[in-house]
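Asks: Going down the list, the sequences are from chains V and E. When you line the first sequence up against the numbering used here, it's residues 889 to 1220, in that order. When you line the second sequence up against the numbering used here, it's residues 889 to 1220, in that order. Below are the structure tokens for one structure; questions will follow.
Number of protein chains: 2
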Amino acid sequence: MDVLKYLEECAALVEPEINRWIPREVQPEVLVRAMRHLIEAGGKRLRPCLTMTACEAVGGKKEDAIETAAALELFHNFTLIHDDIMDHDEFRRNVKTVHVIWGEPIAIIAGDALFAKVFEAAAANASRLGMNLERTVELFNTLSRASFELCQGQVLDMLFEKRDDVTEEEYMRMISGKTGALTEAATRVGALLGNASREKIQALSSYGRLIGVAFQMQDDLLGVLGKQEKFGKPIGSDIREGKRTLIIVKALTSAPEREKRILLKAFGKSNATNEEIRKAIEVLKKVGAVEYVAEKARKMVAKAKMKLKVLPDSKAKEALLGIADFVVEREF
Amino acid sequence: MDVLKYLEECAALVEPEINRWIPREVQPEVLVRAMRHLIEAGGKRLRPCLTMTACEAVGGKKEDAIETAAALELFHNFTLIHDDIMDHDEFRRNVKTVHVIWGEPIAIIAGDALFAKVFEAAAANASRLGMNLERTVELFNTLSRASFELCQGQVLDMLFEKRDDVTEEEYMRMISGKTGALTEAATRVGALLGNASREKIQALSSYGRLIGVAFQMQDDLLGVLGKQEKFGKPIGSDIREGKRTLIIVKALTSAPEREKRILLKAFGKSNATNEEIRKAIEVLKKVGAVEYVAEKARKMVAKAKMKLKVLPDSKAKEALLGIADFVVEREF
């Protein structure tokens, strides 16, 4: 299973549907341009792919879930636009962020407008399939609860920035909200649209949550070790930016004083030298923080794959297994 | 019909339901406090009241629409929080705005979180009533299309701030999105939940749109003429702030040069003297701009009331007629 090729095929399938929900002719033009900006800049379309593949894995067709798959990408991009404002990030997907180009007010509205479309797209899907009321309500509940959980995760993230004593458990709860909630929603809605049994819905939900969290941990690893050519950011960028990821949380609680000092010399210092960054990375490896996070992510992926045992063998199931591995093997 | 008393009764009915959707024990505490802040600060609960009354006017019970009525208030407060950020407003309902107290990031998230709850509350309502798929989908479409239209209106509002040549038609389109879309949604969902005929759904939708737009025009009038004791802002505050309302649009296109100069001496000048403001208001009256807007709002209210002819006589219908009048008679 060539996962990258599979993701590309899914992306090609969902792309026209994403476009359909943000038609270029809608007025005012600036609103639509701001809504489309990050979507057009790229992205792997991982969440729509999860939705369509989950639907297929329970016996449905990819096309059965296509409006909601598109909705997941609108949803994801809504969170990115608002996140970038809050984090004062200036670049994403190699382009300037929405608020940098159009200002914060337009960026806030563009995010809200994408969020508005999420529910309209999901409603269209339920209507087309003639879903029953119970499933339709569950579809909407899944989307709206995920967005609330995402908000909770974002607030935790902000609160943690001001604290030095964040625990591993707290960090895990935060990324579960910030990243896991939406990937769980992606697979869950796919299962709902494929008219899956409760057991399969539950299994695919757990799978989605686990790979989402593992995805974030891999992101944390790449933020420290990822190579510029592939990951798009210089090595150790998260150290310079002072991002309090699990690697740092772990290192700060387990490193001896001398190592801790080396780490803190580079951590959060935008003017840290390459040599200081190199030494800090060495510390993160030496005290076992890197391996700890990598191992934890791998275990989550293994657990996610185990959840899929309730599914019959199929190409879609194979794809879900492949995506789970990809999440922790990717270098970008 | 004592409209104020009626609104208070509706508000008392919906209040526990609004509270139920933002439980105090949800974590992180700061998120819930930010979500609840403006809701607790007051407001007439006009939109929930419209929803419940519309439901009753088509033969349902107020309680049939209570979750969605609460959702409308969450929705309204979501737009207020994001609006206040964009307009840099520091006070609303006599309290500091959310972003002033907690900062912009928390305010953005608090708005998003309220928006998330809108759809969960509406889903709960559809589920409780056992609505059919078609109506359920229409319920969600109404809410999500209204929010998209609201975004369009907000962007227009921002674009107009930079322009001197906004036409009456453009202004009307803007407030139709910014205010009319949500009041239309309020009455429309009430009619849907009351299982109304297409004719009645359409009539109540038009009624909602018309009184929303009239409400905004009355707000514009109060922004110029409203007395501090009642309206809560000093006389002529919109002139000092340079708000480009229909009154100004009209005055700038119809006033002779001399009057225009008097007006522009105070318009958008935060340090304008009370005497300059008084003279500017005199101009707005003299050139007929005040009466033009008041008359236009009254005509819209008359048209809104006409739409209700398709409804049988009832206490609820009487209330809707009373609310329509209240919209243009209120002094606060």
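For every residue, glycine included, the Cβ atom is placed at its ideal position computed from N, Cα and C. On a predicted model such as this, the values are computed, not experimentally measured, just so you know.
(1) Flag Asp972 (chain E) as yes if its beta-carbon sits less than 8 Å from any beta-carbon of chain V, otherwise no.
(2) Using a Cβ-Cβ cut-off of less than 7 Å, give me the residues of the segment 1072-1100 of chain E that come near chain V, in sequence order.
(3) Given this structure, state the Cα-to-Cα distance separating Ala900 (chain E) from Phe963 (chain E), to the nearest angstrom.
(4) Smallest Cα separation from Asn907 (chain V): which of V:Gln915, V:Leu938, V:Arg1051, V:Val920?
(5) Does the distance from the CB of Phe1155 (chain E) to the CB of Gly1130 (chain E) come in under 8 Å?
(6) Is the number of C-beta pairs between the segment 979-994 of chain E and the segment 1022-1032 of chain V that are closer than 8 Å three or more?
(7) On the DSSP bridge assignment, give the partners of Val1178 (chain E) in chain order.
(8) Just list the alpha helix (DSSP H) runs in the segment 1057-1135 of chain E, keeping only unbroken ones of 4 residues or longer that don't cross its boundaries, in chain order.
(9) Please classify His976 (chain V) as buried or exposed, where buried requires at least 16 other C-beta atoms within 10 Å of its C-beta.
(10) Report back the beta-carbon spacing between Leu1070 (chain V) and Ala1102 (chain V) to the nearest angstrom; my notes put them in contact at under 8 Å.
(11) Using only CA atoms, which one of E:Gly947, E:Leu1152, E:Asp1045 lies nearest to Thr1133 (chain E)?
(12) At the 8 Å Cβ level, is Phe1028 (chain E) part of the contact set with chain V, yes or no?
(13) Does the CB of Ile906 (chain E) have a neighbour CB from chain V at under 8 Å?
(14) Please report the residue range of the alpha helix (DSSP H) in which Trp990 (chain E) lies.
(15) Helix, strand or coil for Val946 (chain E) per DSSP?
(16) Does the CB of Lys954 (chain E) have a neighbour CB from chain V at under 8 Å?
(17) Taking its Cβ as the centre, do 16 or more other Cβ atoms sit within 10 Å of Phe1220 (chain E), making it buried, or is it exposed?
(18) Are there 16 or more other CB atoms within 10 angstroms of the CB of Ala985 (chain V), so buried, or fewer, so exposed?
(19) CA-CA distance, Gly999 (chain E) and Asn965 (chain E)?
(20) May I ask you to verify whether the segment 1069-1086 of chain V touches the segment 1147-1166 of chain V, counting CB pairs closer than 8 Å and requiring at least 3?
(21) How many angstroms separate the CA atom of Lys1050 (chain E) from the CA atom of Ser1085 (chain V)?
(22) Judging by CA-CA distance, which residue of E:Arg1016, E:Thr967, E:Ala1014, E:Lys1121 is the nearest neighbour of Ala1001 (chain E)?
(23) Examine the Cβ distances between the segment 1085-1101 of chain E and the segment 1112-1132 of chain E and report whether three or more of them are shorter than 8 Å.
(24) Is there a Cβ of chain E sitting closer than 8 Å to that of Ser1142 (chain V), yes or no?
(25) Tell me Arg980 (chain V)'s beta-bridge partners as DSSP assigns them.
(26) Drop a sphere of 10 angstroms on the beta-carbon of Pro1122 (chain V), count the other beta-carbons inside from all chains shown, and report buried for 16 or more, exposed for fewer.
(27) Alpha carbon to alpha carbon, what distance is there between Lys1193 (chain E) and Asn1083 (chain E)?
Replies: Working from what's here:
(1) Asp972 (chain E) does not count as touching chain V.
(2) none
(3) 18 Å
(4) V:Val920
(5) yes
(6) no
(7) According to DSSP, Val1178 (chain E) bridges with nothing at all.
(8) 1069-1081, 1086-1113, 1116-1119, 1125-1129
(9) Looking at its Cβ environment, which holds fewer than 16 other Cβ atoms inside 10 Å, His976 (chain V) is exposed.
(10) The Cβ separation is near 14 Å, so there is no contact.
(11) Among E:Gly947, E:Leu1152, E:Asp1045, the Cα nearest to that of Thr1133 (chain E) is on E:Asp1045.
(12) yes
(13) Answer no: the Cβ-Cβ gap between Ile906 (chain E) and chain V never drops below 8 Å.
(14) Residues 986-990.
(15) Reduced to three states, the DSSP call for Val946 (chain E) is coil.
(16) With the sequence shown as reference, residue 954 (chain E) is identified as Ile, and Lys is not the correct amino acid for it. Not closer than 8 Å to any Cβ of chain V, the Cβ of Ile954 (chain E) fails to qualify, so no.
(17) exposed
(18) The residue you asked about is not Ala; residue 985 (chain V) is Thr in the sequence shown. Classified as buried, Thr985 (chain V) has 16 or more neighbouring CB atoms from the shown chains inside 10 Å of its CB.
(19) 7 Å
(20) no
(21) The straight-line gap from Cα to Cα measures roughly 55 Å.
(22) E:Thr967
(23) no
(24) no
(25) V:Val983
(26) With fewer than 16 other beta carbons inside 10 angstroms of its own, Pro1122 (chain V) counts as exposed.
(27) 21 Å
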